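S.K.: First, the structure itself, so that you have it in front of you.
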Amino acid sequence: MVIKTREAEKVVIFDVEGEIRRSDIPQQTLHSLVEAQLDRGRRKVLVNLRDVGFIDSFGVGQILASYTSTQNLGGTFKLCGISKRLLLIFQITMLDKVIQIHEDCDRALESFD
0 MVIKTREAEK VVIFDVEGEI RRSDIPQQTL HSLVEAQLDR GRRKVLVNLR DVGFIDSFGV
60 GQILASYTST QNLGGTFKLC GISKRLLLIF QITMLDKVIQ IHEDCDRALE SFD
């Protein structure tokens, strides 16, 4: 898993590539990267999952923890670029009812305004 961080229109965007699974735990997890941005005062977070082919319960937990940390500080956390396969996981866990999920990342970015 590779996570690249960029900023657009005061929104921190995390572009995630690869598979989000427990066996691939990097030194810095998605949650730790989100928390680092929250510590810097950034409160608008968008996670781009376009290039993610698989996510396990660890990955779902990382996304939920990131969402919770952002919400607890009054921020906004959204997902974009999610495949139908990953969307099914979020529907089964009912996280699609909690976390805003956008098919298109440009529209997700616009929705922060």
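For what it's worth, numbering that gives the first Met the number 0 labels the leading residue of the sequence shown as 0, then goes sequentially.
Ideal Cβ positions, reconstructed from N, Cα and C, are used throughout, including at glycine.
These figures come from a predicted structure and were not determined experimentally.
(1) Taking the Cβ atom as the reference point for each residue, do L188 and I81 lie within a distance shorter than 7 Å?
(2) Output the distance between the C-alpha atoms of A107 and K83, rounded to the nearest integer angstrom.
(3) According to DSSP, is G80 part of a helix, a strand, or is it coil?
(4) Considering only the alpha carbon of each residue, which of D112, H101, I100, I2 lies closest to L50?
(5) Quickly, what does DSSP pair F57 with across the bridge? List them, please.
(6) Check whether the segment 34-42 and the segment 91-109 touch, using three or more Cβ-Cβ pairs below 8 Å as the test.
(7) Have a look at Q27, G73, D55 and flag the residue whose alpha-carbon is nearest the alpha-carbon of I91.
(8) Can you pull the DSSP bridge partners for K9?
(9) Q99 lies in the beta strand (DSSP E); which residues open and close that run?
(10) Would DSSP call D112 helix, strand or coil?
M.R.: In brief:
(1) Residue numbering for the chain in the displayed model covers 0 to 112; residue 188 lies beyond these limits and cannot be assessed.
(2) 17 Å
(3) coil
(4) In the sequence as displayed, the identity of residue 50 is Asp instead of Leu. D50 has its Cα closest to that of I2, out of D112, H101, I100, I2.
(5) BP columns for F57 are empty, so no partner.
(6) no
(7) D55
(8) Its beta-bridge partners do not exist; DSSP assigns none.
(9) 99-101
(10) coil
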